[in-house]
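Numbering (the numbering used here), first residue to last: 1 to 595.
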């Protein structure tokens with residue numbers, strides 16, 4: 001045993017020196033020998049010895065109550081030296097609760113054993129106190145509520161012996177108010193709750209029990225409790241319990257949300273399925289999947305595509321699924337044909353989505369498939385119908401063009417049989433107008449778009465044909481084009497073609513008596529606004545010429561056509577003749593209103 005620090009208290013200096021030497025020979029230290037009682041308190045507080053060795057016959061008293069209290073708080077054990085065991089002075093023990101005695105003369109062996117005994121006892125009590133403090137701290141600060149009961153009435157009731165801070169918080173009580181009170185008085189619903197039976201059973205059998213989560217309710221508190229009950233060697237009963245009210249609320253809310261999502265998944269009209277990422281086995285399907293595939297979910301869950309589809313088809317689905325899982329990206333499959341048990345061949349629009357775990361690894365494959373069979377069949381029927389209508393429309397445009405060419409040819413033949421230039425000019429103008437419209441229909445039936453034509457190509461061919469009709473030789477009057485490459489619908493193109501025909505024809509007939517000059521046709525576009533310009537550098541028109549009220553069928557036709565397309569027309573005669581027409585492309589409904 002290691003040496004300790006001992007304070008000697010003795011009046012006899014010689015005896016004190018002998019005792020000091022004996023103690024030091026035993027390996028102990030003696031830092032001081034007190035010869036006065038006052039020194040006991042002073043040196044005890046200063047040196048903090050492990051043991052006080054005091055002659056029982058030492059004279060003097062400790063009169064300072066505060067000093068006594070101070071040294072008592074140190075709990076220093078003492079061994080008193082006496083001439084006889086009957087000579088113990090109880091007053092000498094006032095400053096310590098731990099003491100023993102030795103009779104004189106001292107026996108070294110006995111002294112050694114006494115010191116060992118009393119110091120071991122002190123050390124044990126110190127450890128015990130530390131352990132008690134540790135467990136008291138654990139008891140008070142643990143998150144679970146702990147209540148200790150003592151049985152009364154043969155275990156038919158129990159009184160509170162102790163409870164920790166968590167228990168006070170959980171049950172909204174104070175420890176001081178509960179100690180010694182019966183549990184049936186503090187918690188009046190404890191019998192209905194069922195815990196009282198458990199407490200009694202554990203008290204009688206000594207076997208620990210867990211009382212499952214149950215709801216406790218009385219007029220004061222309400223909450224879900226999870227109890228574990230056991231018996232102490234002392235016969236006391238301990239209940240360790242958790243307040244799981246919030247957890248139960250969360251579980252209830254979770255079940256509610258799960259049921260809500262379950263209802264959505266089950267009642268959504270689209271097919272939903274989930275496959276495991278490792279073996280691509282069906283983990284879950286909804287009612288729509290049962291209906292489309294024709295299998296009950298019990299038949300599908302745990303199976304793979306190979307259990308329901310031909311190998312080649314299953315290989316295709318499996319490869320597709322693996323690519324989605326490997327790339328960890330959503331895949332949209334607009335059209336996927338499958339062969340089902342109950343509904344035959346179906347066309348699905350499928351989205352496949354990889355579902356990842358917390359570490360980012362693929363866990364499942366989610367599939368959402370919309371049955372678009374009716375939609376796709378309707379699309380195909382519509383396309384077939386549109387193809388038929390397109391063919392019919394092309395045929396109509398072709399026949400209209402042919403009929404107009406016949407009319408143009410008849411007008412040409414008729415001009416050979418009439419007399420007078422004026423009549424011939426009328427027939428030629430009519431022939432040009434018919435050709436203008438026929439050319440539109442020719443463009444439409446040769447185009448992939450039956451409602452629009454390339455206005456640049458159309459205008460250049462139209463003007464070239466007019467030049468040819470009026471026999472304009474190369475090197476005389478020159479056509480100039482500056483037309484943007486735009487598509488124009490027939491509702492707008494036909495009136496514009498007729499306007500260009502009339503204005504270019506007028507220029508060729510009246511602007512160039514010497515057969516020299518140029519005719520310009522331009523089309524500018526800015527947003528949805530277009531500007532058509534038809535100009536020549538010929539002899540021009542009189543400054544007071546009123547083209548809107550002129551006695552001319554051609555100009556009257558031009559003005560009416562400009563109104564038809566909701567446009568505006570102006571005339572500039574400062575340098576030859578220049579007509580400028582601004583307009584917006586007509587829609588089909590707009591055209592109907594003006595017709």
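Quick reminder that beta carbons are idealized off the backbone N, C-alpha and C, glycines included.
Nearest neighbour of residue i, chosen from the options [CA to CA]
{"i": "residue 266", "options": "241, 297, 245", "result": "297"}
{"i": "residue 138", "options": "183, 521, 82, 240", "result": "240"}
{"i": "residue 36", "options": "189, 27, 16", "result": "16"}
{"i": "residue 300", "options": "316, 275, 311", "result": "275"}
{"i": "residue 108", "options": "27, 247, 179, 13", "result": "27"}
{"i": "residue 587", "options": "490, 574, 525, 549", "result": "490"}
{"i": "residue 47", "options": "29, 55, 572, 113", "result": "29"}
{"i": "residue 505", "options": "249, 309, 471, 561", "result": "471"}
{"i": "residue 209", "options": "238, 172, 377, 160", "result": "238"}
{"i": "residue 372", "options": "549, 385, 336", "result": "336"}
{"i": "residue 407", "options": "423, 430, 422", "result": "430"}
{"i": "residue 225", "options": "193, 317, 348", "result": "193"}
{"i": "residue 155", "options": "205, 364, 130", "result": "205"}
{"i": "residue 574", "options": "549, 542, 553", "result": "542"}
Cut-off 7 Å between Cβ atoms - residues of its own chain near residue i, not counting five sequence neighbours on either side
{"i": "residue 195", "result": "211, 227"}
{"i": "residue 270", "result": "288, 368, 369, 370"}
{"i": "residue 493", "result": "440, 453, 455, 458"}
{"i": "residue 538", "result": "507, 511, 512, 517, 576, 577"}
Residue i, buried or exposed, once every other Cβ within 10 Å from all chains shown has been counted against 16
{"i": "residue 528", "result": "exposed"}
{"i": "residue 474", "result": "exposed"}
{"i": "residue 64", "result": "Because residue 64 sits at a pLDDT of 47, beneath the cut-off of 50, its placement in the model cannot be relied upon, and the following sentence gives the value as read from the coordinates. Answer is exposed; the Cβ neighbour count stays below 16."}
{"i": "residue 418", "result": "exposed"}
{"i": "residue 295", "result": "buried"}
{"i": "residue 149", "result": "buried"}
{"i": "residue 4", "result": "buried"}
{"i": "residue 339", "result": "exposed"}
{"i": "residue 10", "result": "buried"}
{"i": "residue 2", "result": "exposed"}
{"i": "residue 261", "result": "exposed"}
{"i": "residue 358", "result": "exposed"}
{"i": "residue 143", "result": "exposed"}
{"i": "residue 375", "result": "exposed"}
{"i": "residue 310", "result": "exposed"}
{"i": "residue 277", "result": "buried"}
{"i": "residue 55", "result": "buried"}
{"i": "residue 217", "result": "exposed"}
{"i": "residue 378", "result": "exposed"}
{"i": "residue 496", "result": "buried"}
{"i": "residue 177", "result": "exposed"}
C-beta atoms of residue i and residue j nearer than 9 Å
{"i": "residue 280", "j": "residue 346", "result": "no"}
{"i": "residue 520", "j": "residue 533", "result": "yes"}
{"i": "residue 232", "j": "residue 222", "result": "no"}
{"i": "residue 284", "j": "residue 272", "result": "yes"}
{"i": "residue 326", "j": "residue 350", "result": "no"}
{"i": "residue 79", "j": "residue 7", "result": "no"}
{"i": "residue 466", "j": "residue 522", "result": "no"}
{"i": "residue 203", "j": "residue 235", "result": "yes"}
{"i": "residue 558", "j": "residue 502", "result": "yes"}
{"i": "residue 567", "j": "residue 583", "result": "yes"}
{"i": "residue 151", "j": "residue 121", "result": "no"}
{"i": "residue 175", "j": "residue 167", "result": "yes"}
{"i": "residue 157", "j": "residue 183", "result": "yes"}
{"i": "residue 243", "j": "residue 353", "result": "no"}
{"i": "residue 328", "j": "residue 366", "result": "no"}
{"i": "residue 229", "j": "residue 186", "result": "no"}
Same chain, Cβ closer than 6 Å to residue i, five either side skipped, listed in chain order
{"i": "residue 306", "result": "314"}
{"i": "residue 585", "result": "492"}
{"i": "residue 13", "result": "none"}
{"i": "residue 191", "result": "none"}
{"i": "residue 572", "result": "578"}
{"i": "residue 118", "result": "77, 100"}
{"i": "residue 164", "result": "139, 140, 146"}
{"i": "residue 580", "result": "533, 570"}
Neighbour flag for residue i against chain B, beta carbons, 9 Å
{"i": "residue 497", "result": "Included in the structure is just one protein chain, with no chain B present."}
Other residues of its chain near residue i: CB distance less than 8 Å, five sequence neighbours each side excluded
{"i": "residue 22", "result": "106, 108, 111"}
{"i": "residue 487", "result": "449, 452, 453, 454, 455"}
{"i": "residue 114", "result": "79, 100, 102"}
Closer than 8 Å: residue i CB and nearest the ligand MN heavy atom
{"i": "residue 506", "result": "The model on display carries no ligand, and the ligand MN is accordingly not part of it."}
Go through the segment 304 to 354 residue by residue and report every complete run of the beta strand (DSSP E) that reaches 3 residues or more, in order. You should have 331 to 339.
Uninterrupted alpha helix (DSSP H) stretches inside the segment 135 to 195 (no shorter than 4 residues): 165 to 171, 175 to 178, 183 to 186, 190 to 193
Taking the runs of the beta strand (DSSP E) that are 3 residues or longer, which of them lie wholly in the segment 15 to 64? Qualifying beta strand (DSSP E) stretches, in chain order: 29 to 34, 51 to 55.
Inside the segment 473 to 560 only - beta strand (DSSP E) runs reaching at least 3 residues: Within the segment 473 to 560, the runs of beta strand (DSSP E) at least 3 residues long that lie entirely inside it are, in chain order, 477 to 483, 487 to 489, 517 to 526, 529 to 536.
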